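Notes to accompany the following structure.
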Amino acid sequence: MPKFACLLFFCFLFGAQLNAQNTIGVPNIINYPKELFKAGSQNWNIAQDKNGIMYFANNYGLLSFDGAFWRTYELPNKTIVRSVSIAPDGRVYVGGQAEFGYFFPDKKGELTYTSLTRMLPEKDHDFADVWNVILFQDKVFFRSNKQIIEYDHHKLIVHHSINWNFLGTACSRLLAYEYNSGLVTYQNGKWKPFIKLGELPRRTQIRAAIAIGQDSILLPTEQHGFYLLKHDTVTKLEWPGLATITDKNPMGACLIAPDKIAVITNLAGCFIINKKGEIIQRFSKQEGIQNNNILSVFLDQDKNLWLGLDNGIDLISYSNAIKNIYPDNDERNAGYTSIIHDNHLYMGVSTGLYKIDLDYENKDISNVKGSFSFVENSKGQVWGLSEVNGRLLMGHNRGAFLIDDNNATVLDNKTGFWFFQPLYKQAPSPVIVAGTYNGVRFYECKDGVFLNPSIHSDFESARLFVIDDDNILAAHPYKGLYIVNAHDYHAPVAKVYLDKKGVLSSNHNKIFRINGKIILTSDKGIFEFDRTSRDFVPATWLAKIFENITVSYLTQDKYGNIWFCSDKKIGIVDRSTGVPKPVFISELNDKIVSGGYEHINVIDSNNIIVGAEKGFFHINYAAYQKNKQQLQVLIRKIQSPTLKNGLIFGGYGSSLASPGIRYQGNSLHFEFSTPFYGQRHHIEYSYYLSGFDKGWSAWSDRTEKDYTNLPAGNYIFKVKCRNNETNESVITAYSFTILPPWYQSWWAYTIYALLLFSLLYLFYKRQQFKYKKLQELKLLEQQRKYDEEQKQLQYQHQLEMEQNEKEIIRLKNAKLQAEIEQKNLEEEQKQLQFLHQLEVEKNEKEIIALRNEKLQSEVDHKNSELASSAMNLVRKMEMLSKLKADLVQYKETPGTEKSSKEFQKIIKTIDKELDHDHEWEQFAIHFDNVHTNYLKKLKEQYPDLTASELKLAAYLRLSISTKEIAQLMNISVRGVETSRYRLRKKLGLSNETNLFDFLISVTN
């Protein structure tokens, strides 16, 4: 037990010592477990081709990674690949177990293996693992334990030894370690010893040869420390840091910067040292790598550090300008606030406050070495750190604290505090304002002592506030805006801002100060405080910059740049770029603290600290601007799932165009990626198939695209990528043609043409045969017709003779018949003339009849008018007769004697009216007009007729009744009958003759 305790103490002490040697900034580490790449666990060597594709010598074969897709290529004997190296011509040389050769893309762009082992003499086939593949002077060298095989692209030369335990190149020299000769160099096809001063331990295991200067090579060994080779002199380096690494069993090294070297071990991870042998940084399981047993190391084109592990692969974004800072080490709680005070960096997380001393030699504080210490009495949620009047104050969920070096002293514990500001611009400010959970508090400050903590104005939480002269404007996320009049801070008055213009929203109300102006942000936009109207108006200058971006946090650095947060993203409006434009730092998407607790501390262009969900991020913005890398998209695979062995392009070599693709393979699957490894999760792609798509696709992280049932035609598949809005790659394109189906191919059309020609020819021959047959038939038919015509002519001649005779007879008959017809015609003409005469007479009679009918109609109408006139006369006579009778009767009534003369006068008037001789004369005139002088003619025929008899004849002619005639003639009915009788006698009518009929016809 005591031994175990001592061992545990030693490990703790050693771990603390190593941690103390680390920089506080930790690069982002990406883990690739074997479950992800689905190959062997161990990775012995690493290389990268000119397109950026990574290659790993893996237990299962050659493993490749392009940023999106992992692929494994086995050796023919399916053994472990121990080494890999990339030649300028693109060949991927590998060394395995009893096998070596190279991979190279075939015509389809698929890596295929060519074995060089078969070129060895049979006697040299007895070798095991090929541990190194080195390119030197257009040659390739393969090292196994007993052989170094030299390949000049034509033949193999084998260099034998009892044991070759190292092969490497540095400073334009090819070095090897041979069992008997020690360290040797390759010259003119021979291996020659060259060390004159110093020596390496016998049978030492050299792990790398690193050029650290002109003709100066660092040689790390597995157990004997580090040596410096300069010219022909070798010297052991006795630096303490290197001794620490030696104890951890170094396995390799690589130069990662002019003054930095990465050394890997199989016991303690990876160490970063400088040329003085000082440990700058250590990456172990504690810092985030998967395990401490590292087998290989490689620095890629983008300065990312790759580690081939005993179980997995790790990537360290060592050159990235963004690093992580974890003040609470492995706890990695969320970071909320930071500040530099008295040459100390203070960082507040959800569990307390931490501090570290700064080193002025480092402009980038993430490179400060050491460990954070916990500030006593700060346990709990730290919200804000503020330096006021030279003192450091801490806002905490337990109250307000004064920070003095490594200790926190309570100033006020009545509520939770956010942060602090001086009320006045003068320094030192006599009054300090603190934002609390309940509102704002005021403290008087005298000689560094804070007094009167009881002065306060309570309303709501004052997480964010700004001071404008004597007014304090505090924004609450969802309850609105409060204005505290602090002119008399002893009795502050808080009022709710009346939102007349609708600038506040139901949530996300924030207040900041930018360009000396008070800025209010809400879901309704960005507004600024107008001092003239004392109200908020739209901040058009900011709204124009942040178009379509909802801002949740704003701060401004001393260079005028505006840093902002939006939807868990952080960005900057860089004034130095000309036109102000917001640019997101996409590496930090969804990793920062949000929800109103955002924190951005801009110290200078080399140091920006951002609160994160795990600790803090440190951004060296000056380096970040310089390190913008050109993105490149690779098309990694094109295949048709509908074709057997449907690979179109395998992803290696040229990917500009392909031959035609059979129509059966018109469904295509595209894979693409970009070898941009440090920001793998922030790459977006957009693609466009020219000839099919209408436009570019929306940006997304998809690295695959499928097209189905493409019509025959020419196409260009285009793809591009970006890692933020301003860093976009060039377009990578692949041209291809979908061939038409067999029935639309050129040879099909040739067959169609031949078939058509054959059909036309057959048709022509058939028509020609038919025409010949037709001509023969026509000749036969003509002969037959000729014979028939001769017979017909003879027959017709006979008939004509007979017909002539008949014709003569017929003509004689016709002449006779014509004469008969001529006579008949003359008779018919006479008959027609007679009928025409009759028809004319008939028409004249009809015309006369019609005229008579018209005249009769007019007579009847006038008779009706005469009858009507007579009837009116009758009624008049009746009325007058009755009036006369009534007057006579009234006259005889007693008492009317005085008026007898007047009555007699009236009666005479009536009698005069009853005497209608005048009316009769008018009536007679009209009657004669109607009846063609009827009365006149009647008088001429019967001169004895009196005027009364003529009246009676006229009335009877009009069919007036006897009673009416009596009234008209002013006689009785019997008098009428008597008059009728006399009239009959004068007319000489018998009893059988009707008087009316006679009167009708007498004048006709």
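Our numbering applies: residue 7 is where the sequence shown begins, and numbers increase by one.
Beta carbons are placed, not taken as given, at the ideal position from N, Cα and C, and that holds for glycine.
None of these values were measured; they are calculated from a predicted model.
Excluding the 5 residues preceding and the 5 following ASN567 in the sequence, name in chain order all residues of the same chain whose CB lies nearer than 7 Å to its CB. By one-based count along the sequence shown, residue 567 stands at place 561. Cβ within range, chain order: ILE578, VAL579, ASP580 and ARG581.
Do you know how far the Cα of LEU243 is from the Cα of ALA249? The sequence position of residue 249 within the sequence shown is 243, counting from 1. The sequence position of residue 243 within the sequence shown is 237, counting from 1. Distance between the alpha carbons of ALA249 and LEU243: 9 Å.
Buried/exposed call for ARG772, threshold 16 Cβ in 10 Å: Position 766 of the sequence shown holds residue 772. ARG772 comes out exposed.
Host alpha helix (DSSP H) of LYS161 (start-end): Here residue 161 refers to the residue found at position 155 of the sequence shown. That residue, LYS161, is in no alpha helix (DSSP H); it is neither H nor E in DSSP.
With 16 other CB atoms within 10 Å as the buried threshold, where does THR546 fall? The residue labelled residue 546 in the question sits at position 540 within the sequence shown. Here THR546 is exposed. Its C-beta has fewer than 16 other C-beta atoms within 10 Å.
Is the region 351 to 368 close to the region 406 to 416, with three or more CB pairs under 8 Å? These segments touch.
Assuming the contact rule is C-beta atoms closer than 8 Å, ASN729 and ILE689 should be a hit. Round their C-beta distance to whole Å, please. Reading the sequence shown from its first residue, position 723 is the one you call residue 729. Reading the sequence shown from its first residue, position 683 is the one you call residue 689. ASN729 to ILE689, Cβ: 6 Å. Contact.
Rounded to whole angstroms, what's the CA-CA distance from ARG179 to THR191? Just pull it up for me. Along the sequence shown, one-based indexing puts residue 179 at 173. Along the sequence shown, one-based indexing puts residue 191 at 185. So the two alpha carbons sit approximately 7 Å from each other.
Starting from TRP50, trace the beta strand (DSSP E) in both directions and tell me its first and last residue. Here residue 50 refers to the residue found at position 44 of the sequence shown. First-last of the beta strand (DSSP E) with TRP50: 49 to 54.
Given this structure, state the Cα-to-Cα distance separating GLY620 from SER372, to the nearest angstrom. For the purposes of this step, residue 620 is taken as residue 614 along the sequence shown, with counting starting at 1. For the purposes of this step, residue 372 is taken as residue 366 along the sequence shown, with counting starting at 1. Here residue 620 is Lys; the residue named in the question, Gly, does not match the sequence. Their backbone Cα atoms lie some 16 Å apart in a straight line.
Near ARG986, which residues of its chain fall below 6 Å by C-beta distance, leaving aside the five closest residues on each side in sequence? The residue you call residue 986 lines up with position 980 of the sequence shown. If we look at ARG986 and ignore the five residues flanking it on each side, it has no Cβ neighbours.
Could you tell me which uninterrupted beta strand (DSSP E) segments, each at least 3 residues in length, are contained entirely in the region 553 to 603, listed from first to last along the chain? If we require 3 residues or more, the beta strand (DSSP E) runs fully inside the region 553 to 603 come out as 559 to 562, 568 to 572, 575 to 579 and 588 to 590.
With H, G and I counted as helix, E and B as strand and the rest as coil, what does DSSP make of VAL979? Position 973 of the sequence shown holds residue 979. Three-state result, VAL979: helix.
Residue range of the alpha helix (DSSP H) that includes TYR488: As a working mapping, residue 488 is identified with position 482 in the sequence shown. Counting along the chain, TYR488 falls outside any alpha helix (DSSP H), though it belongs to the beta strand (DSSP E) covering 486 to 491.
Going by alpha carbons, who is nearest to ALA93 out of LYS129, GLY617, PHE142 and ILE86? Here residue 93 refers to the residue found at position 87 of the sequence shown. Answer by Cα proximity: PHE142.
Selected residue, minimal CA-CA separation from TYR691, among VAL98, LEU762 and LYS726: In the sequence shown, counting from the first residue as 1, residue 691 sits at position 685. If we check each option's Cα against that of TYR691, LYS726 comes out closest.
Out of ASN57, ILE35 and ASN65, state which residue places its alpha-carbon closest to the alpha-carbon of LYS44. Taking the sequence shown and counting its residues from 1, the one referred to as residue 44 is at position 38. Measuring C-alpha to C-alpha distances from LYS44 to each of ASN57, ILE35 and ASN65 identifies ASN65 as the nearest.
Should the region 305 to 323 be regarded as contacting the region 35 to 51, the criterion being three or more beta carbon pairs within less than 8 Å? Judged by Cβ distances under 8 Å, the region 305 to 323 makes contact with the region 35 to 51, as three or more pairs qualify.
Based on Cα-Cα distance, which residue from GLN685, THR709, TRP705 and ASN720 lies nearest to PHE698? For this step, residue 698 is matched to residue 692 along the sequence shown. When only C-alpha atoms are compared, the closest one is ASN720.
Per-residue DSSP class, three states only, for ILE615: For the purposes of this step, residue 615 is taken as the residue at position 609 of the sequence shown. In this structure, ILE615 counts as strand in the three-state DSSP scheme.
Would you report the Cα separation of GLY219 and ILE52, rounded to the nearest angstrom? Working through the sequence shown from its first residue, we reach residue 219 at position 213. Working through the sequence shown from its first residue, we reach residue 52 at position 46. Computed Cα separation, rounded: 24 Å.
Complete beta strand (DSSP E) runs within the region 648 to 715 (minimum length 3 residues, chain order): Fully enclosed beta strand (DSSP E) runs of no fewer than 3 residues occupy 653 to 655, 674 to 679, 690 to 696 and 710 to 713 of the region 648 to 715, in order along the chain.
I'd like to check one pair, SER91 with VAL139: are the Cβ atoms closer than 8 Å? As a first step, residue 139 must be located in the sequence shown, where it is residue number 133. As a first step, residue 91 must be located in the sequence shown, where it is residue number 85. Yes, Cβ-Cβ distance for VAL139 and SER91 is below 8 Å.
Counterpart residues of THR175 in DSSP-defined beta bridges: Locating residue 175 in the sequence shown gives position 169, counting from the first residue. THR175 is bridged to LEU180.
With 16 as the cutoff for other CB atoms within 10 Å, does GLN287 come out buried or exposed? Within the sequence shown, the letter at position 281 stands for residue 287. Residue environment: GLN287 is assigned as buried (16 or more neighbouring CB atoms within 10 Å of its CB, all protein chains considered).
On the DSSP bridge assignment, give the partners of LEU479 in chain order. Counting from one through the sequence shown, the residue named residue 479 turns up at place 473. Its beta-bridge partners are VAL472 and ILE489.
Does the count of Cβ pairs from the region 636 to 645 and the region 326 to 342 closer than 8 Å reach three? Flag = no, the region 636 to 645 and the region 326 to 342 do not touch.
Nearest residue (CA-CA) to LEU126, options TRP137, ALA414, ASP144 and GLY107: Taking the first residue of the sequence shown as position 1, residue 126 is located at position 120. Sorting TRP137, ALA414, ASP144 and GLY107 by C-alpha distance to the C-alpha of LEU126 places GLY107 at the top.
Keeping to the same chain, check which residues put their C-beta closer than 8 Å to that of GLN153; ignore five residues upstream and five downstream. Your numbering for residue 153 matches position 147 in the sequence shown. Excluding residues within five positions, the ones whose Cβ falls inside 8 Å are ASP130, PHE133, VAL164, HIS165, HIS166, SER167 and TRP170.
When you compare the CB positions of TYR630 and ASP308, do they come within less than 8 Å of one another, or not? Your numbering for residue 630 matches position 624 in the sequence shown. Your numbering for residue 308 matches position 302 in the sequence shown. Cβ atoms of TYR630 and ASP308: not closer than 8 Å.
Under a three-way DSSP split, which group does ALA953 fall into? To locate residue 953, count along the sequence shown from 1; it is residue 947. In the structure shown, ALA953 sits in a helix (DSSP, three-state: H, G or I).
Alpha-carbon spacing of LYS911 relative to LEU889, whole angstroms: The residue you call residue 911 lines up with position 905 of the sequence shown. The residue you call residue 889 lines up with position 883 of the sequence shown. Distance between the alpha carbons of LYS911 and LEU889: 13 Å.
Local conformation of THR118 per DSSP, three classes: Taking the sequence shown and counting its residues from 1, one reaches residue 118 at position 112. If DSSP states are grouped into helix, strand and coil, THR118 belongs with the strands.
Assuming PHE542 and PHE552 are in contact, meaning their beta carbons sit under 8 Å apart, how far apart are those beta carbons, in whole angstroms? On the sequence shown, residue 542 is found 536 positions in, with the first residue counted as 1. On the sequence shown, residue 552 is found 546 positions in, with the first residue counted as 1. The C-beta separation of PHE542 from PHE552 comes to about 16 Å, leaving the pair out of contact by the 8 Å criterion.
6 Å CB neighbourhood of SER463 in its chain, flanking five on each side removed: In the sequence shown, counting from the first residue as 1, residue 463 sits at position 457. GLY445, VAL446, VAL490, PRO498 and ALA500, listed in sequence order.
Tell me which residue opens and which closes the alpha helix (DSSP H) that LYS943 is part of. Position 937 of the sequence shown, counted from the first residue, corresponds to residue 943. Per DSSP, LYS943 belongs to the alpha helix (DSSP H) from 940 to 947.
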